[in-house]
Amino acid sequence: MLPWFDRFFRRHMNALRLARWGRPACAGHAGPLVLYCNHPAWWDAATLIVLAGRLFPEREGFAPFEARMLERYGVFRRMGAFPVDLASRKGALQFLAAARSVLSGRNRALWVTAQGRFADVRERPLGLKPGIAHLAEIAPDALFVPVALEYALWQERGVEAFCAFGPPIPASVLLSLPRPARLARLEGDLTALLDRLSQDVIARDPGRFEPVLAGRSGIGGVYDGWRRLVALARGRSFDPAHRPEGERPR
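25 is the number of the first residue of the sequence shown in our numbering; add one for each residue after it.
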C-alpha cells in the first residue's frame with residue numbers, strides 16, 4: 025500500500041520535508057516505539073504512513089483511528105489502523121487494550137495523534153489526551169518520540185508538509201514521574217519541537233530541510249505544456265517550478 029500513498033501524496037502535495045536537525049534518533053532501539061504527534065490536518069494519516077514506510081521500513085506500524093472515520097476510510101485498516109471511539113470512556117479503554125497488544129511486539133511502532141482532535145498548529149496548550157501518559161506502564165521498554173507536523177503554502181501551488189522528530193524519552197524516565205507530570209513532560213517536549221519547526225517553516229528556506237518525498241511542481245495542463253515547448257525551442261531545460269529550489273526570493 026505504501027506505493028499507492030506515495031503516488032497519492034505526490035499528486036496532491038508539493039513536498040514532504042524533514043527538518044535537518046529533526047531526523048529520528050531511535051533506529052537502534054530494541055524495544056517498541058511510541059511516536060506521538062500533534063494533529064493539524066486531514067493529511068496527517070497519509071503523512072504518517074509515508075514517514076513510517078520511508079523512515080521506519082523495518083518496523084510494523086499501528087495507529088488508533090476514530091471508529092466512525094475508519095468505517096469511511098477502510099483502506100487504513102490495511103496500514104495498521106485500529107478503531108477507537110473518541111467520544112466515550114469506552115474508547116479510552118479500547119485504546120489502552122489495543123496499545124497493550126501492539127506494544128507487546130518489540131519491532132513495532134505505535135503512531136498516535138495525541139491531541140485526539142484536529143487542532144491548529146499554533147494552539148497552546150496542546151491538550152494531549154491523558155491516555156498517552158499511561159502507555160509507559162503498558163510498555164516499560166518503549167521509547168517515546170515526539171513528532172511535529174506542520175503544513176504551509178510556499179512558492180508552489182501545492183501545499184508543503186513539514187516534520188521533525190524530537191529527542192526520544194525512555195519509558196523508564198516517564199515512569200519515574202507521577203502521571204500528571206508525565207503528561208506535562210510529553211506535552212512540553214512536543215510543544216518545544218513544534219515551536220522550533222515553525223521557525224524553519226516561517227523562514228521558507230528549503231535548505232533547512234531534506235526532502236522525504238517530492239510532489240508535482242508547476243501549474244500543469246496546457247499552460248505547462250506550452251512553457252515546455254517554448255523552453256525546448258530556445259534550447260533550455262524546462263523546470264515547471266515557480267522558483268527552483270536553489271533560487272532565493274528577491
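Here a beta-carbon is modelled for each residue, glycine too, at the ideal position from N, C-alpha and C. Being a predicted model, the structure only gives us computed values, none of them experimental.
Need the endpoints of the alpha helix (DSSP H) that TRP67 sits in, please.
First-last for TRP67: undefined, no H or E at that position.
At a cut of 8 Å, does the segment 153–169 reach the segment 126–144 through at least three beta carbon pairs?
Yes, the segment 153–169 is in contact with the segment 126–144.
May I ask which residues mark the beginning and end of the alpha helix (DSSP H) holding GLU95?
For GLU95, the enclosing alpha helix (DSSP H) begins and ends at 91–96.
Can you give the Cα-Cα distance for TYR175 and ALA91, rounded to whole angstroms?
Rounded to the nearest whole angstrom, the CA to CA distance from TYR175 to ALA91 is 25 Å.
For ARG206, which residues in the same chain have their Cβ closer than 6 Å to its Cβ, ignoring the five residues on either side in sequence?
Exclusion of the five residues before and after ARG206 leaves ALA157 and LEU198 as the residues of its chain whose Cβ lies within less than 6 Å of its Cβ.
Do ALA208 and LEU40 have their C-beta atoms within less than 8 Å of each other?
No, the pair does not count as a contact, with Cβ atoms beyond the cut-off.
What does DSSP give as the partner residue(s) for TRP135 in the beta ladder?
Within the DSSP bridge table, the entry for TRP135 names LEU59 as partners.
Leaving out five residues on either side along the sequence, give the residues of the same chain with a beta carbon under 6 Å from the beta carbon of ALA238.
If the five residues before and after ALA238 are omitted, its C-beta is found closer than 6 Å to the C-beta atoms of ALA39, all from its own chain and listed in chain order.
Quick one: what does DSSP say GLY85 is sitting in, helix, strand or coil?
Here GLY85 carries a strand assignment [DSSP, helix/strand/coil].
Quick check on this structure: which residue in GLY104, GLY115 and ALA160 has the alpha carbon closest to the alpha carbon of GLY55?
Nearest Cα to GLY55 within the set GLY104, GLY115 and ALA160: ALA160.
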